[in-house]
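Number of protein chains: 2
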Amino acid sequence: MAGKPSKYDKRYLAAVDAAAAVFAEKGYHGANTVDIANLLDIKQGSLYYYFRSKEEALEAVCLQGITWQVSNLQELLDQQLPLARAIAELLRYNFQSLTDRADYMIVFNDDRQAIPLERRGRIREQSVAYHGLLEQLFTEAQAKGDVREELDPRILVRALTGLISSVFSWYHQKNELDMEKISEQYCQVFLAGCLKS
Amino acid sequence: MAGKPSKYDKRYLAAVDAAAAVFAEKGYHGANTVDIANLLDIKQGSLYYYFRSKEEALEAVCLQGITWQVSNLQELLDQQLPLARAIAELLRYNFQSLTDRADYMIVFNDDRQAIPLERRGRIREQSVAYHGLLEQLFTEAQAKGDVREELDPRILVRALTGLISSVFSWYHQKNELDMEKISEQYCQVFLAGCLKS
DNA sequence: TAGGTATTCTATAGAGCTATTGATAGCTAG
DNA sequence: CTAGCTATCAATAGCTCTATAGAATACCTA
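If you read the protein sequences in the order shown, they are chains A and B.
So the first sequence is numbered by this note's numbering: it starts at 1 and just counts up by one.
So the second sequence is numbered by this note's numbering: it starts at 1001 and just counts up by one.
Next up, the structure:
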């Protein structure tokens, strides 16, 4: 994977992409493998050259999605921005990936629970990491006196992630609100909501 | 329906309840009619005495869920409370129904899109009504000068409903946060986020 | 208590879907 | 040119599930 991507590697990624697209549109259970294969211009059975099962494809999509999120958040935190800037950037990035990689985000949000618990280990790991990083951000900001003391960082994490992920379910509908504006106003509301003063 | 509920009526409601429970747990596509029948202590085929199809059961659950929400919101608005009180009550009620009628809420949230568009009319109607009522609340509060002018009421509606519905996906996990506290802090954050000054 | 209605049961057709298997065409390196 | 490897195909076993139909039982009312 590190060196030159083989034809297999490229095709595998295309397969994950196709799975993401179909799962995002119809939901994991509602989707069928024929549709995925069609996107790749191969027959249904040929999919099993790349995946051991439909579920394995779901796992790959979810893991990819959350991994992107975590590494991006990590990168953002490494910049050590003040809370307000960090939140603004985070929202901007998330709303951006809603156009870029919406499929992965949607599948991760809506269908990860379709993976049986015993297979969800690596995904949970990333999820926990994501929440942990965010919680740390709030805790530190609170220690610095930027965030109101009475607010529980764990709840702020839930509120922020909830705010973000809820957008996944309606952004694609015909609506006149543009991402730029939503992102900006969500940011205003959330920051005014938790910053001190 | 208005007079004495017949045995059929009671049994029908029980069937909707059972469907809600099973759909909430496994998702519409992941659920099967055998599980629903088991909850009612009848055989799978007997379900079709009450529903023409599995999809019709989903429709009934979703419609019931959103209808409850709308009529409750309407009742709340009739009290003409100031915005802050209204939001607090709304959150309290929603988080309450998360323990009372979680199944209906979850199914409405996660699976209503599994109903084909042409059958979704009455549900959409209620959804639109719900959003409309909330939007009006914000618009009026803004006119009175309670809400910051730069905020778009439509976005506030999305933010608030997003905040609420996102809770549906994690409240049942083992976690130390109690509903009371979450409701209260969400309220604080959201209000501080949108109220003027 | 008989007759009729309401509710549930048994059995199953038939559709849709995943995953497997063995064959096959194309590509690559010697 | 050929042997071996890669990627795809065709065909299908076998499972799961919804929905239907006709029989059976419970329930109620006169």
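No residue lacks a Cβ here, since even glycine has one placed at the ideal position from N, Cα and C.
Quick caveat, the model's predicted, so the values are computed rather than measured.
If you measure between the beta carbons of residue i and residue j, is that distance less than 8 Å?
{"i": "B/L1195", "j": "B/A1084", "result": "yes"}
{"i": "A/E135", "j": "A/P153", "result": "yes"}
{"i": "B/G1027", "j": "A/F190", "result": "no"}
{"i": "B/L1058", "j": "B/I1123", "result": "no"}
{"i": "B/V1061", "j": "B/A1020", "result": "yes"}
{"i": "A/S127", "j": "A/I182", "result": "no"}
{"i": "B/V1167", "j": "B/F1108", "result": "no"}
{"i": "A/D103", "j": "A/A24", "result": "yes"}
{"i": "A/L73", "j": "A/L133", "result": "yes"}
{"i": "A/L81", "j": "A/E89", "result": "yes"}
{"i": "B/H1029", "j": "A/G30", "result": "yes"}
{"i": "B/C1187", "j": "B/L1077", "result": "no"}
{"i": "A/L63", "j": "B/G1162", "result": "no"}
Drop a sphere of 10 angstroms on the beta-carbon of residue i, count the other beta-carbons inside from all chains shown, and report buried for 16 or more, exposed for fewer.
{"i": "A/V143", "result": "Before going further, note that residue 143 of chain A is Ala rather than Val in the sequence given. Result: exposed."}
{"i": "B/Q1079", "result": "exposed"}
{"i": "A/K54", "result": "buried"}
{"i": "B/Q1185", "result": "buried"}
{"i": "A/V22", "result": "buried"}
{"i": "B/S1006", "result": "exposed"}
{"i": "A/Q69", "result": "buried"}
{"i": "B/L1098", "result": "buried"}
{"i": "B/D1111", "result": "buried"}
{"i": "A/L117", "result": "exposed"}
{"i": "A/S71", "result": "exposed"}
{"i": "A/D178", "result": "exposed"}
{"i": "B/G1121", "result": "exposed"}
{"i": "A/V157", "result": "buried"}
{"i": "B/V1034", "result": "exposed"}
{"i": "B/S1165", "result": "buried"}
{"i": "A/Y130", "result": "buried"}
{"i": "B/G1145", "result": "exposed"}
{"i": "B/Y1008", "result": "exposed"}
Considering just the uninterrupted stretch of the alpha helix (DSSP H) at residue i, what are its terminal residues?
{"i": "B/H1172", "result": "Note, B/H1172: premise wrong, no alpha helix (DSSP H); not H, not E."}
{"i": "B/S1197", "result": "Neither: B/S1197 is in no alpha helix (DSSP H) and is coded neither H nor E."}
{"i": "A/Q126", "result": "121–143"}
{"i": "A/N72", "result": "54–78"}
{"i": "B/K1010", "result": "1007–1026"}
{"i": "B/N1109", "result": "1102–1111"}
{"i": "A/A31", "result": "Here A/A31 belongs to no alpha helix (DSSP H), and DSSP marks it neither H nor E."}
{"i": "A/S166", "result": "153–167"}
Let me see if you follow: with CB-CB separation under 8 Å, is residue i close to chain B or not?
{"i": "A/Y186", "result": "yes"}
{"i": "A/N189", "result": "With the sequence shown as reference, residue 189 of chain A is identified as Val, and Asn is not the correct amino acid for it. True, the Cβ-Cβ gap to chain B drops below 8 Å."}
{"i": "A/S166", "result": "yes"}
{"i": "A/A114", "result": "yes"}
{"i": "A/F155", "result": "Before going on, a small fix: residue 155 of chain A reads as Ile here, not Phe. So, interface residue."}
{"i": "A/L47", "result": "no"}
{"i": "A/M1", "result": "Low per-residue confidence applies at A/M1: pLDDT is 42, beneath 50, and the placement is therefore not dependable enough to give any value."}
{"i": "A/H172", "result": "no"}
{"i": "A/A20", "result": "no"}
{"i": "A/D17", "result": "no"}
{"i": "A/L163", "result": "yes"}
{"i": "A/A192", "result": "yes"}
{"i": "A/G27", "result": "yes"}
{"i": "A/G264", "result": "Chain A is shown only over 1 to 197; residue 264 of chain A falls outside these bounds and no answer can be derived."}
{"i": "A/L177", "result": "yes"}
Spell out whether any CB of chain A is found under 8 Å from the CB atom of residue i.
{"i": "B/W1068", "result": "no"}
{"i": "B/A1159", "result": "yes"}
{"i": "B/I1042", "result": "no"}
{"i": "B/C1062", "result": "no"}
{"i": "B/I1036", "result": "no"}
{"i": "B/D1146", "result": "no"}
{"i": "B/L1133", "result": "no"}
{"i": "B/A1088", "result": "no"}
{"i": "B/I1106", "result": "no"}
{"i": "B/L1083", "result": "no"}
{"i": "B/I1182", "result": "yes"}
{"i": "B/L1013", "result": "no"}
{"i": "B/L1117", "result": "no"}
{"i": "B/D1078", "result": "no"}
{"i": "B/G1065", "result": "no"}
{"i": "B/L1151", "result": "yes"}
Who are residue i's beta bridge partners in DSSP?
{"i": "B/V1189", "result": "DSSP output for B/V1189 lists no bridge partner at all."}
{"i": "B/V1147", "result": "B/L1195"}
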